[in-house]
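J.:
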């Protein structure tokens, strides 16, 4: 149940660590696994005490950037067709551009299998595991 | 016709008229009493048929007898409509009084028999000694999704054919919980990997979601169990060994 103001972990190497949902794309009340959202980057990965300038050289996104993302894990239970249900311990997403290609080149962590149904094959192939 | 003589009657005739009225009243009472006695006699021998048209029946509170009253207006219900006594015997009061038996248990039993003909699934989650209990580590092999899911059994939801189990594990450092329906045909196998050391004092181990009590990754236990199983199966039979080998291969690929 990702909605306005939900904070999500960003699990790719785009440079964002935590993002905040500002819009669920499509006429939906809440976003679930495989849904597209618009988000603001709230925290950068590896932003140390000495300042962000050095760290952000390799980073593709900065704090305050507005990006699109795909939800890959939700705390809310997701029902599957065969009656099984999956639930993760956190909400997580992967940043994408407007065309739908991932911003980062790597995904660290497990993603939900619902991505296959919603045809996010690029993210699925990047992910080390799917459940 | 009646009004005119009343108007013309002088005041002196009042006494006379009163007397007349009293007499009339007495005579009426007498008639009524006589009728009452006769009716009691008649009800003993034969009940008069209740009038049907434009009539509704009222039960007298004191005497508990039905008395009839005429409807002021035409009743909405057609008089030809069958009364309660005329209705077919299915709706007769003695059968209605009997509480209807619950058909669901029989249906569940039938469905379970269909989905689990050997009874292995039922036995695995029965309330017996050998059965899986909350706190055990289980492995569920799913027919569709590739890798078997293993985790700590947190909860057993016993609902007949809808009986389901909740497993919790950590995959890539993220907690994952999954519900599985045990009678699902897609659930190819459920195996007990490791027994809990002690009987859990709770029916649902939801406290395991907290970091303090979390069992985290159970893959070590699963790996150890797979090793032992492989050894035993090689001794047991070649066919089972091949299966174990396949599992080991899957493990290596992972």
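Protein chains in written order, with this note's numbering: chain P, 16 to 146; chain V, 1046 to 1299. Glycine included, each C-beta is placed from N, C-alpha and C at the ideal position.
Can you give me the start and stop residues for the alpha helix (DSSP H) that residue 42(P) sits inside?
T.: Here residue 42(P) refers to the residue found at position 27 when the first chain is read from its first residue. No alpha helix (DSSP H) contains residue 42(P), which DSSP labels as neither H nor E.
J.: Measuring only between beta-carbons, confirm whether residue 1225(V) sits less than 8 Å from chain P.
T.: To locate residue 1225(V), count along the second chain from 1; it is residue 180. Closer than 8 Å to some Cβ of chain P, the Cβ of residue 1225(V) qualifies, so yes.
J.: Would you call the stretch 1219-1232 of chain V and the stretch 1192-1209 of chain V in contact, with 3 or more CB pairs under 8 Å?
T.: As far as the Cβ criterion goes, the stretch 1219-1232 of chain V touches the stretch 1192-1209 of chain V, which means the pair count is three or higher.
J.: When we look at the beta-carbon of residue 1185(V) and count the other beta-carbons within 10 Å, is it buried (16 or more) or exposed?
T.: Stepping through the second chain from its first residue, residue 1185(V) is reached at position 140. Flag for residue 1185(V) reads buried.
J.: Suppose the cutoff is 8 Å on Cβ atoms and the five residues either side in sequence are ignored; what does the same chain contact list for residue 139(P) look like?
T.: In the first chain, the residue the question calls residue 139(P) occupies position 124. Closer than 8 Å at the Cβ level, and outside the excluded window around residue 139(P), lie 126, 130, 131 and 145.
J.: Name, going along the chain, the residues of the stretch 121-145 of chain P whose beta-carbon falls closer than 7 Å to a beta-carbon of chain V.
T.: Residues passing the 7 Å Cβ filter: 124, 125, 128, 143 and 144.
J.: Quick one, which residues of the stretch 35-52 of chain P are near chain V if we go by CB-CB under 7 Å, in chain order?
T.: The residues in question: there are none.
J.: Can a CB atom of chain V be found closer than 8 Å to the CB of residue 101(P)?
T.: Walking along the first chain from the start, residue 101(P) turns up at place 86. Closer than 8 Å: yes.
J.: Where does residue 33(P) sit, in a helix, a strand or coil, going by DSSP?
T.: Indexing the first chain from 1 puts residue 33(P) at position 18. Correct three-state label for residue 33(P): strand.
J.: Considering only the alpha carbon of each residue, which of 18(P), 128(P), 110(P) and 115(P) lies closest to residue 121(P)?
T.: The residue given as residue 121(P) occupies position 106 in the first chain. Of the listed residues, the one whose Cα sits closest to residue 121(P) is 110(P).
J.: What residues are listed by DSSP as bridge partners for residue 1195(V)?
T.: Counting from one through the second chain, the residue named residue 1195(V) turns up at place 150. Beta-bridge pairing links residue 1195(V) to 1184(V).
J.: Under 8 Å Cβ-Cβ, which residues of chain V neighbour residue 88(P)?
T.: Mapped onto the first chain, residue 88(P) falls at position 73. Going along chain V in sequence order, the residues near residue 88(P) (Cβ under 8 Å) are 1219.
J.: Express the C-alpha separation of residue 103(P) and residue 93(P) in angstroms, rounding to a whole number.
T.: Counted from its first residue, the first chain places residue 93(P) at position 78. Counted from its first residue, the first chain places residue 103(P) at position 88. Cα to Cα, the separation comes out at about 9 Å.
J.: Which runs of the beta strand (DSSP E) fall wholly inside the stretch 59-130 of chain P and span at least 3 residues, in chain order?
T.: Whole beta strand (DSSP E) segments, 3+ residues: 81-88, 100-103 and 107-111.
J.: Mark residue 99(P) as exposed unless 16 or more other C-beta atoms lie within 10 angstroms of its C-beta, in which case mark it buried.
T.: Position 84 of the first chain holds residue 99(P). Classification for residue 99(P): buried.
J.: When you compare the CB positions of residue 115(P) and residue 26(P), do they come within less than 8 Å of one another, or not?
T.: As a first step, residue 115(P) must be located in the first chain, where it is residue number 100. As a first step, residue 26(P) must be located in the first chain, where it is residue number 11. The answer is no: Cβ separation not under 8 Å.
J.: Classify residue 1153(V) as helix, strand or coil using the three-state DSSP reduction.
T.: Your numbering for residue 1153(V) matches position 108 in the second chain. Helix, per DSSP.
J.: Return the chain-ordered list of same chain residues with a C-beta closer than 6 Å to the C-beta of residue 39(P), the five sequence neighbours on each side being excluded.
T.: For this step, residue 39(P) is matched to residue 24 along the first chain. If we look at residue 39(P) and ignore the five residues flanking it on each side, its Cβ neighbours are 46 and 52.
J.: Interface residues of chain V around residue 27(P) at Cβ under 7 Å?
T.: Working through the first chain from its first residue, we reach residue 27(P) at position 12. Going along chain V, no residue has its Cβ under 7 Å from residue 27(P), so there is no contact; the nearest lies around 14 Å.
J.: Ends of the alpha helix (DSSP H) at residue 1169(V)?
T.: Here the question's residue 1169(V) lines up with position 124 in the second chain. Element bounds for residue 1169(V): 1165-1169.
J.: Looking at the secondary structure, which residues open and close the alpha helix (DSSP H) in which residue 141(P) lies?
T.: Residue 141(P) sits at position 126 when you count from the first residue of the first chain. Element bounds for residue 141(P): 136-141.
J.: With distances taken between CB atoms, is the gap from residue 23(P) to residue 106(P) smaller than 8 Å?
T.: Residue numbering aside, residue 23(P) sits at position 8 when the first chain is read from its first letter. Residue numbering aside, residue 106(P) sits at position 91 when the first chain is read from its first letter. In contact: residue 23(P) and residue 106(P) (Cβ atoms closer than 8 Å).
J.: Are the beta-carbon atoms of residue 1239(V) and residue 1181(V) separated by less than 8 Å?
T.: By 1-based counting over the second chain, the position of residue 1239(V) is 194. By 1-based counting over the second chain, the position of residue 1181(V) is 136. Yes. Within cutoff.
J.: In the structure shown, what three-state DSSP assignment does residue 49(P) receive?
T.: By one-based count along the first chain, residue 49(P) stands at place 34. Three-state result, residue 49(P): coil.
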